[in-house]
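Colleague: Numbering (the UniProt record's numbering), first residue to last: 1 to 852.
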């Protein structure tokens with residue numbers, strides 16, 4: 001298991017994406033990015049190519065080993081180190097192998113067809129190149145398949161051409177999410193981050209401690225023949241169990257790619273399960289099977305899967321090797337009892353199995369028992385109860401019966417219920433394991449009273465046009481949940497409180513004017529709601545103890561509960577406006593305009609609750625130069641003062657005085673007096689603009705027909721305009737930016753300016769500046785390009801084409817997705833909800849508004 005501060009080393013062939021992933025990891029972890037290439041040039045005074053040409057291969061390899069050893073010996077902690085292809089020699093391979101004993105060394109792979117396009121090598125040479133690349137597997141201890149996104153997200157299929165082209169610049173957002181999650185897992189930071197962000201998040205609590213969870217079984221053989229886009233399986237479970245049931249040619253590469261696509265398309269934890277007797281394989285000796293099985297299990301650990309299912313009836317050598325090398329992967333100690341005449345659950349053998357798994361250090365114990373008829377052994381519940389009564393700490397237990405009558409077995413148990421999906425059921429034999437669908441089991445659970453139908457709301461003074469009800473109802477239908485969701489108009493806080501007091505109240509999204517006024521009536525506030533000073537989501541606390549976990553597991557249940565500090569029917573208030581804004585900005589910001597703490601400037605229009613969330617989102621993204629404009633100056637001053645105090649309290653605005661060298665606190669928020677003033681000198685023109693003006697013109701904000709003064713739109717690299725109002729959706733500001741964009745030239749210029757092609761060594765300096773992390777060499781400053789800091793003089797003839805518009809519908813869609821997950825504890829069917837969001841707006845408002 002690696003230390004949390006261990007330096008991360010990336011290895012792999014040219015074109016695999018190591019540099020890009022290195023920048024992503026360094027920015028995420030707040031570390032320096034080091035490249036062996038730069039160290040080589042610094043130490044020798046020559047580039048690697050020049051040194052190789054002048055001194056020859058043998059001298060080059062010796063020097064590479066010396067350079068690499070030097071880099072590693074002085075940077076074993078708190079760095080990300082990218083190694084080039086020059087380390088494929090016996091000397092350098094030995095250096096990396098020794099490093100892999102203490103540090104994560106990640107082999108970065110990429111699709112061979114994409115590599116061929118990038119490198120342009122002839123087929124024969126490409127084949128040799130790929131074979132040589134495989135040597136990285138022998139010197140690394142982890143593996144990551146880098147999926148290349150060719151374009152940005154387009155949920156509706158009807159986005160304007162220019163906007164779609166610009167959104168292609170944000171294709172790195174998926175790679176960023178995948179790779180940062182991978183890094184968090186191997187360094188043990190994932191759960192801590194999620195819990196800190198929101199204890200009710202579905203990612204905040206380990207899968208095994210959440211109630212009524214589902215595991216989608218996907219066989220490798222089924223995946224290889226799957227005829228649909230894998231995203232068709234979205235929101236079918238809380239985890240995926242990938243069952244390795246065949247040994248295809250190049251099986252390690254195939255499994256690596258399969259794990260990557262499951263992560264990308266389904267965004268779920270993976271349970272890795274190697275089946276003992278692969279299908280359609282010739283009969284092999286036990287020795288041969290054990291050798292291949294061990295290789296496959298250890299490969300799963302290399303992929304950094306969240307869980308591995310370990311059959312405790314296997315060879316003891318396999319069991320102990322897997323346990324010894326599991327790192328941060330959690331182990332499910334697994335037993336399957338097959339055949340006729342099996343002992344019932346009250347037999348001591350099952351308790352002995354549990355104790356053995358616990359003694360081996362398994363994190364979860366899973367026991368499956370075949371039963372004869374269509375009814376499971378009733379003593380199972382008694383067995384589960386006996387295990388629960390054992391003193392803590394102990395691993396959670398998953399125990400169920402299965403039979404040839406799979407339609408109703410297993411019933412909903414505490415957690416990790418095995419399920420399939422309609423698209424995966426290809427033959428009746430798949431049902432022999434007793435696997436049902438998530439939707440089917442949930443429907444039975446609600447019908448039998450295990451779970452309760454609840455009422456959810458969006459509450460505000462003007463919510464009749466809200467698209468949220470349609471989105472939530474579609475998600476309920478997806479899961480076969482009998483919940484309801486309504487937009488309820490309220491005129492007073494007392495009306496809102498009466499809704500909260502209903503016994504079947506499940507949760508509510510809070511709209512203006514109650515985001516601030518409701519706060520005194522909420523017993524417990526999230527850190528985000530406290531920092532922002534506004535609430536947009538309220539959940540009832542119905543757990544039977546004061547534990548947050550107990551309250552999280554009480555979702556989808558009606559009635560009273562015990563508050564965190566005792567009492568009844570207490571409420572939890574959160575703010576998810578900020579995280580929705582963050583997600584939209586990450587998709588829309590081009591690499592060239594990626595946020596840099598000391599350079600990036602943002603502008604927020606308005607000073608109400610949504611403006612507060614926007615400023616908080618900007619601080620989370622690392623922006624430290626935020627300007628506010630509001631019609632009433634005093635309200636803008638109050639908001640700026642609030643966040644400057646927040647920044648000082650959390651150490652966000654510490655700078656070093658250039659003269660004294662001492663650290664001092666500087667403001668992060670500034671107020672603009674009028675739309676007539678020039679952009680302040682000494683600050684870049686804003687590349688992020690967030691319009692937080694309510695549709696009804698409330699909060700003493702500028703009127704809804706606000707337009708940007710031209711002297712504030714002179715960014716030479718364009719930027720992102722986020723319009724948070726969506727009724728009307730096409731505001732004067734959106735029209736203004738559209739008009740600017742449409743008055744200038746060519747898609748080729750757009751693509752060139754946004755650097756849409758994959759980063760190469762030639763563009764490394766620009767990308768380093770964009771990712772705002774340090775690419776360091778001894779005695780050398782961070783590479784970068786000059787950036788204008790004067791407010792009024794920064795301009796470009798083509799800059800108007802570089803503005804990306806994020807409209808209010810996109811933001812509200814993000815809000816609804818997150819609200820659904822917090823309210824129900826289930827993974828949101830994101831693609832479905834986004835499509836319904838667009839369709840609802842098209843039906844309700846589009847006929848009366850300009851084209852989106």
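For glycine and all other residues, C-beta sits at the position ideal for the given N, C-alpha and C.
#1: Might you give, ordered along the chain, the residues of its own chain that have their beta carbon closer than 8 Å to the beta carbon of residue 790, omitting 5 neighbours on each side?
#2: Leaving aside the five residues before and after residue 832 along the sequence, list all residues of the same chain whose C-beta is less than 8 Å from its C-beta, in chain order.
#3: Under the rule that 16 or more other beta-carbon atoms within 10 Å means buried, what is residue 136, buried or exposed?
#4: Given a cut-off of 8 Å, decide if residue 603 and residue 689 are closer than it, judged by their beta-carbon atoms.
#5: Please report the straight-line C-alpha distance between residue 299 and residue 44, rounded to a whole angstrom.
#6: May I have the straight-line CA-CA distance separating residue 601 from residue 625, to the nearest angstrom?
#7: Among 68, 264 and 172, which has the Cα closest to the Cα of residue 42?
#8: Starting from residue 385, trace the beta strand (DSSP E) in both directions and tell me its first and last residue.
#9: Got a sec, what are the start and stop residues for the alpha helix (DSSP H) residue 475 sits in?
#10: With 16 other CB atoms within 10 Å as the buried threshold, where does residue 239 fall?
#11: Tell me the rounded alpha-carbon separation between residue 540 and residue 485.
#12: Could you tell me the alpha carbon to alpha carbon distance between residue 579 and residue 172, rounded to whole angstroms?
#13: Work out the CA separation of residue 612 and residue 400 for me, nearest whole Å.
#14: For residue 674, does the count of other Cβ atoms within 10 angstroms reach 16, so buried, or fall short, so exposed?
#15: What's the gap between the Cα of residue 2 and the Cα of residue 808?
#16: Can you give the beta carbon distance from residue 573 to residue 525, rounded, assuming they're within the 8 Å contact cut?
#17: Enumerate in chain order the residues of its own chain whose CB-to-CB distance from residue 21 is below 8 Å, with the five nearest sequence positions on each side excluded.
#18: If you compare alpha carbons, which of 571, 347, 285 and 368 is closest to residue 339?
#19: Under the assumption that residue 610 contacts residue 724 (Cβ atoms under 8 Å), give the Cβ distance between them as a whole number of angstroms.
#20: With a CB to CB cut of under 7 Å and the five nearest residues on each side skipped, what residues in its chain are close to residue 793?
#21: Our contact map puts residue 81 next to residue 34 with C-beta atoms below 8 Å; I'd like the distance itself, whole angstroms only.
#22: Compare the Cα-Cα distances from residue 246 to each of 296, 202 and 204 and report the closest residue.
#23: Is there contact here, the region 629-645 with the region 713-723, by at least three beta-carbon pairs under 8 Å?
#24: Tell me the DSSP bridge mates of residue 35?
#25: Expressed to the nearest angstrom, what Euclidean distance is found between the alpha-carbon atoms of residue 202 and residue 727?
#26: Using 8 Å as the Cβ pair cut-off and three pairs as the minimum, do the region 413-423 and the region 216-235 touch?
#27: For residue 840, which residues in the same chain have their Cβ closer than 8 Å to its Cβ, ignoring the five residues on either side in sequence?
#28: Could you check where the alpha helix (DSSP H) with residue 843 kicks off and where it finishes?
#29: Return the first residue and the last residue of the alpha helix (DSSP H) that residue 420 is part of.
#30: Taking the CB atoms as reference points, tell me whether residue 730 and residue 605 lie closer together than 8 Å.
#31: Given a threshold of 16 other Cβ atoms within 10 Å of its Cβ, counted over all protein chains shown, does residue 570 qualify as buried or as exposed?
#32: Tell me, please, which residues DSSP counts as bridged to residue 333.
#33: Pull up the distance between the alpha-carbon of residue 88 and that of residue 253, whole angstroms please.
#34: Is the Cβ-Cβ distance between residue 259 and residue 207 less than 8 Å?
#35: Quick check on residue 572: does DSSP put it in helix, strand or coil?
#36: Would you check if the distance between the CB atom of residue 536 and the CB atom of residue 496 is smaller than 8 Å?
Modeller: Once the coordinates are examined:
#1: Bear in mind that the predicted position of residue 790 carries a pLDDT of just 41, short of 50, making it unreliable; the figure below should be weighed with that in mind. Within the same chain, residue 790 has close Cβ partners 681 and 682.
#2: Cβ neighbours of residue 832 beyond the five flanking positions: 234, 235, 474, 475 and 478.
#3: With 16 or more other Cβ atoms within 10 Å, it is buried.
#4: Contact: yes.
#5: Distance between the alpha carbons of residue 299 and residue 44: 38 Å.
#6: If I take the Cα positions, the gap works out to 5 Å.
#7: Nearest C-alpha to residue 42 among 68, 264 and 172: 68.
#8: Segment 379-388 is the alpha helix (DSSP H) holding residue 385; no beta strand (DSSP E) there.
#9: Its alpha helix (DSSP H) spans residues 468-479.
#10: Buried, by the Cβ-count rule.
#11: Those two C-alpha atoms are separated by around 15 Å.
#12: C-alpha of residue 579 to C-alpha of residue 172: approximately 18 Å in a straight line.
#13: For residue 400 and residue 612, the distance between alpha carbons rounds to 49 Å.
#14: Exposed is the label assigned to residue 674, since fewer than 16 other Cβ atoms lie within 10 Å of its Cβ.
#15: Cα-Cα distance, rounded: 43 Å.
#16: Taking a contact as a CB-CB distance under 8 Å, the pair residue 573 and residue 525 counts as one, their CB atoms being some 5 Å apart.
#17: If we look at residue 21 and ignore the five residues flanking it on each side, its Cβ neighbours are 10, 108, 144, 146, 175 and 179.
#18: Ranking the options by Cα distance to residue 339, first place goes to 368.
#19: Distance from residue 610 to residue 724 at the Cβ level is roughly 5 Å; contact confirmed, criterion being Cβ atoms closer than 8 Å.
#20: Caution applies to residue 793, whose pLDDT of 43 falls short of 50 and renders its modelled position unreliable; the model cannot decide the point.
#21: Rounded, the Cβ-Cβ distance is 5 Å, consistent with contact.
#22: It is 296.
#23: With the cut-off at 8 Å, the region 629-645 and the region 713-723 do not touch.
#24: Answer by DSSP bridge pairing, in chain order: 82.
#25: Taking the straight line joining both Cα atoms gives about 31 Å.
#26: At 8 Å Cβ cutoff, the stretches touch.
#27: For residue 840, where only same-chain residues beyond five positions count, the Cβ hits under 8 Å are 467, 470 and 471.
#28: Element bounds for residue 843: 830-844.
#29: The continuous stretches of alpha helix (DSSP H) do not include residue 420, which lies in the beta strand (DSSP E) extending over residues 417-420.
#30: Result no, Cβ atoms of residue 730 and residue 605 do not sit closer than 8 Å.
#31: So residue 570 counts as buried.
#32: DSSP output for residue 333 lists 310 and 365 as bridge partner(s).
#33: Rounded to the nearest whole angstrom, the CA to CA distance from residue 88 to residue 253 is 20 Å.
#34: No; because the gap between Cβ atoms is not below 8 Å, this pair is not in contact.
#35: The answer is strand: DSSP assigns residue 572 an E or B state.
#36: No, these two residues do not count as a Cβ contact at 8 Å.
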